[in-house]
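In the numbering used here, the protein residues as written are 2 to 983.
Where a beta carbon is used, it is the ideal one built from N, C-alpha and C, also for glycine.
Note that the structure is a prediction, hence the values are computed from the model and not measured.
The structure appears right after this line, and notes come after that.
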Amino acid sequence: MNGIAKRIPFFTACLLFTLASTSLDAQTFGKAAKSVVFVENGGQWSGPGRYLARYGGLDLWVADNALIYDFHRSDAGGRRGHVVRMEFVGTGSSRAVSVSPSLTERHYYVGAGSNASGAKGARAFDQIGIRRVLPGVDAVTYDDGGYPRYDLHVAAGVDPRSIRLRFSGADHLSIAPGGGLLIGTSLGEIEQRELRAYQKINGFERTVGCQFVIRPGGDVGFAITGHDARYPLVIDPLTYSTLVGGVGDDISNGIAVDSSGSAYIVGETSSPDYPYVTGSYFASLQGATDAFVTKISPDGSTIVFSTFIGGTDSDVAHDVAVTPGGTVFVAGSTGSADFPARRGYDSTYNGATDAFVLRLDSLGQALVWSTLIGGSADDRANALAIDNANQVYVAGTTLSSSFPTSPGAFQTTALSGEAFALKLNSLGRSIVYSTFIGGDKIDEAVDIVVRNGNAYVAGNTDSDGATGDPFPTTTGATQGGFAGMTDGFVTVLDSTGRTAVFSTLLGGSNVDMIRGIALDSVAAVYVTGVTSSSTFPITANAMQVILSGSSDAFVTKFGPDGSALNYSTFIGGSGIDGGEDIGVTSKGFALVTGNTTSNGFPTVNGAVQQTKNGAQDMFIIELGASAQGLVYGSFLGGTANDSVISAAIVGETTLYLTGTTTSMDYPTTLDAAQRNNRGGFEAFATRFDLLQVTSQNSRVTLCAGDTHLITWSGGNSVNYDIALSANNGQSWSPIAFTVSGNSFLWAMPAQQPAGNTYRIRVTVSGSAESDANDSAFNVIARPTVNTSPSSLTRAEGSNVTFSSRGVGATPTSMFWQRSDDGGLTWTEVPGSQGMEQLVVSSINASDDSARFRAIYYNTCDSVPTQSALLIVQAVRVLTPVGGEAFCIGSTQNITFTRQHVSAVNIELSTNDGVNFSPIATNVSGDSFSWTIPASLRPGNGFRIRVVHSNGAAADVNDAAFAIHSAPNVIGSPADATGGKGS
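This is the structure in structure tokens:
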């Protein structure tokens, strides 16, 4: 396409909603060699433009309701130009105003325009805003790395889809394959591209979908998905990303993070204007290059302190460690005889290049101590670590046979150029131990970590043992012999520095180099680096088993004793790839950073950057615990060369990167401490927050039917999908889609089956980025009643059995209750725990109408069965009570009571209750008149029994009574007649 070499981004941001980035072709106008400012129009220029920014081939005017692009080109045919006016449709009272403080520079114009005198000393500004391009919408334009950029700031409650841009003067408009807006001009095409949007919600940034659309009639708008109108929307998925540097070359070699989230970067600079803060230890460049230490605020917006450190020659800081409270330890190398060494082990420059180690106070204003370490040749400290006592462990390389070692150390003789490892006390004044590590050729140590006093040293060696001194390895090491050209090594020194706990090589037949080392919770060792060996040791089922390019990154995990590979994999594409640093999460996931020239380097959908932008980009990957696949993978970089050198991992998924870039468009966040590349090589600090499920994130027990809060952090997205696995992650079923925010209240179905292998997974919607909770959790079903006890009617004196069955509770997790007031109050039946059959023995009339129920319970709930009513059938003989004497032929009233008995039979025993014979049946009243028959033989052993007509209940009078014969009249007196006195 004519005149198109690359396209330059204009970013549209929102205070509550941020829209787009736009890029213009570099051949349509020239990229600015230095930062461009906006000069106010005080009358020196005619026309509607209130501010002007000049680029090579472009004059950018800011008017009250538009941005006016005046493109021009001079060639053999003369000067040609093309003006495109980008107007905000529907503007009302908009006005262009400065939104940044006036710069100290002034611009003077003589004889220019109609009112040049009024423009003498015209002010200049970094940023110009257009207020109220629409109600609730502001625009801001500024220079971004030599290219113009504009942001749109959309207030909460405003629909960003109402924004319309009208491009007057454009030959044509179309949407590019990558989604950018192509604007046709007579000088070539312009592209506004790299639309990015996010919202800050509860302190977290959530990505919002944003695309250019061309409306009917030709106006341009934005298609927005996932926008929450209650919150701001900003377009950039990084938590923060900032450049740090000046007009020279700035390279950051190390990064560390304190407990507040502040990042500390160290490296080397040749920039006299490298940013420093008043009160820093050194406020100016001392030599050709100086080391620097820079502290960046947790949000990346501010340089808290920054200081040069060095002498009159070249000085480089290679690594940094920091205590939780912010005390800084730095290691590096110096060629300066006047390097500031004081109150330490060695303050005398030893020659050539010396290693140095120093401790800086938490304000960055004073050296607590500083020491040189070295011999007569070149010595360099490449890495350091500190323990809980602030003792300092240093690893590096030396060419000095006179490099200081300690008596009895692991290796006290230099065979060639050797790696070294040493330990300094917390005051920096004495060496606890110092040892060489190496063989008959060049060896270097590049990284070091400390665990329980043991120092884990990683590096590289050319020592093949050809002269009889191979690199020292231990018995049982994974790789005891040199494999070819250059191999990596891992050597673990005990707390005395005298003994190697284990030492192993790692490599194939070509060049293999370790760059970083990390440990997990059980002290398994993880390393990353670069290999060009097709025979590099790779384990079966690894993510990538074949070398893809001329060199690939690798990630290798050793067991804690170094005797075996747990896994080892290539990672790369068709170009040159190498791992630079590594960390490990508590899940055993490896977070790896490195650099790549491969277009096909593996990434995941929804990554921050899915395609390579420049000749060399950085990469960030997260490997699963078995290294069989990517959890996350992304490029990061601008359109030139970008190199990550060091990384720090905080918590599970917060990753800090540092290194150097030559990209003028390296991705930075809107409120970064520095957004523009001021020189050739610029240092950077970038923070990523990858997705992490924070609950349910442990072995907990959840109850089916309850609501449970699922929370997560990181991800930097607006929408998330949530899934559930019942088989420890082997398969997943969706719970919810496009959930916004960082939490979801899950109403677990009451029918959720019980189990102990449940997992929760949260995925960025439309992306492969996901995280599952760390360990399986339990689901307990609420207890349910399968069978309730049945109501029973039984005769007094019977044994009664109530039965129930429950589900969701163990048999012992139940008991019985009884109520004697119709179910108003309940008491536990003693001894009924765990008995699904309750036996009530020898019931009596007082048990009548009692209710019984079973209670099933677990940690989730307690559930009662339906209650069962007990009906007790009973009769009571009231009379005779016993002891009476009745006569044959007399009529006696037998009385009784009936309880739940419809009719009774009345029986008589003549032998004191041994046997009974009926005297009446189906008596329905409460008494019976019994005429004692003459056939009864008189006696004393008579008893009455009243029996339920079905035989279920009976009662016998309390004692025997007697029946006597009626008296016989032998003769009756005769009538007599007599007189008085007869």
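Drop a sphere of 10 angstroms on the beta-carbon of residue i, count the other beta-carbons inside from all chains shown, and report buried for 16 or more, exposed for fewer.
i, result
"Gly623", "Reading off the sequence, residue 623 comes out as Glu, not Gly. Glu623 should be labelled buried."
"Arg938", "exposed"
"Thr612", "exposed"
"Ala935", "exposed"
"Ile895", "buried"
"Pro161", "buried"
"Pro149", "buried"
"Val1", "This structure does not reach residue 1, given that the chain is present from 2 up to 983, and the question cannot be answered."
"Ile516", "A small correction: the amino acid at residue 516 is Arg; Ile does not occupy that position in the sequence shown. Buried, since its Cβ has 16 or more Cβ neighbours within 10 Å."
"Glu581", "buried"
"Pro968", "exposed"
"Asn542", "exposed"
"Asp259", "buried"
"Glu192", "buried"
"Ser741", "buried"
"Val221", "buried"
"Thr243", "buried"
"Thr634", "The question names Thr, yet the displayed sequence has Gly at residue 634. Its Cβ being crowded by 16 or more others within 10 Å, Gly634 is buried."
"Ser966", "exposed"
"Gln874", "buried"
"Thr1", "The requested residue 1 does not occur in the structure, where the chain is confined to residues 2 to 983."
"Gly994", "This structure cannot settle anything about residue 994, because the visible part of the chain is limited to 2 through 983."
Specify, as a first and last residue, the run of the beta strand (DSSP E) that residue i falls within.
i, result
"Tyr527", "Val526 to Thr532"
"Ile252", "Asp251 to Val258"
"Glu41", "Phe39 to Glu41"
"Met836", "Taken as a continuous stretch (DSSP letters only), Met836 belongs to no beta strand (DSSP E), as it is neither H nor E."
"Cys704", "Thr702 to Cys704"
"Asp448", "Asp444 to Arg452"
"Trp817", "Met815 to Ser820"
"Lys296", "Asp291 to Ile297"
Excluding the five sequence neighbours on either side, which residues of its own chain have a C-beta within less than 7 Å of the C-beta of residue i, listed in chain order?
i, result
"Asp60", "Leu53 and Asp71"
"Trp747", "Thr708, His709, Ile711 and Ile736"
"Thr406", "Thr413, Ser435, Thr436 and Phe437"
"Gly82", "Asp71, Phe72 and His73"
"Gly715", "Thr654, Asp690, Leu691, Leu692 and Gln693"
"Gly409", "Arg499"
"Ser732", "Ser726"
"Ala390", "Ser427"
Measure how close the beta-carbons of residue i and residue j come, nearest whole angstrom, since I'm counting them as under 8 Å.
i, j, result
"Thr788", "Ser776", "Between Ser776 and Thr788 the Cβ distance is about 37 Å, and since that is not below 8 Å, they are no contact."
"Gly639", "Ser599", "Their Cβ separation, rounded to whole angstroms, is 17 Å, which puts Gly639 and Ser599 out of contact at 8 Å."
"Pro881", "Ile945", "6 Å"
"Ala422", "Thr479", "About 20 Å separates the two Cβ atoms, so there is no contact after all."
"Gly219", "Leu153", "Contact doesn't hold; Cβ gap of about 19 Å is too wide."
"Val294", "Val267", "5 Å"
"Pro784", "Phe853", "Not a contact, Cβ separation roughly 18 Å."
Skipping 5 residues on each side, what residues in its chain have a beta carbon closer than 8 Å to that of residue i?
i, result
"Gly469", "Asp441"
"Ile781", "Thr702, Leu703, Cys704, Ala705, Ala755, Gly809, Asn859, Thr860 and Cys861"
"Ser464", "Leu416, Ser417, Gly439, Gly440, Asp441, Lys442, Ile443, Asp444, Asp470, Pro471, Phe472 and Phe483"
"Gly247", "Thr270, Ser272, Pro273, Asp274, Tyr275, Pro276, Arg679 and Gly680"
Do residue j and residue i have their beta-carbon atoms positioned less than 9 Å apart in this structure?
i, j, result
"Ala356", "Ser334", "yes"
"Val645", "Leu631", "no"
"Ser401", "Gly498", "no"
"Asp772", "Val719", "no"
"Ala554", "Thr597", "yes"
"Ala727", "Thr758", "yes"
"Cys509", "Thr532", "Sequence check: residue 509 is Gly here, not Cys. Yes. Within cutoff."
"Ser984", "Ser903", "Residue 984 cannot be examined here, being either before or after the span of the chain that is shown, 2 to 983."
Consider the Cβ of residue i: report whether some Cβ of chain B lies at a distance smaller than 9 Å.
i, result
"Pro919", "Chain labels in this structure do not include chain B; a single protein chain is all it has."
Give me, in chain order, the residues of the same chain whose beta-carbon lies closer than 6 Å to that of residue i; leave out the 5 immediate sequence neighbours on both sides.
i, result
"Ala963", "Ala886 and Asn941"
"Thr398", "Arg381, Ala420 and Glu445"
"Phe39", "Tyr52, Ala54, Phe126 and Ile129"
"Trp370", "Arg344, Gly345, Arg360 and Gly429"
"Thr687", "Ser242 and Leu658"
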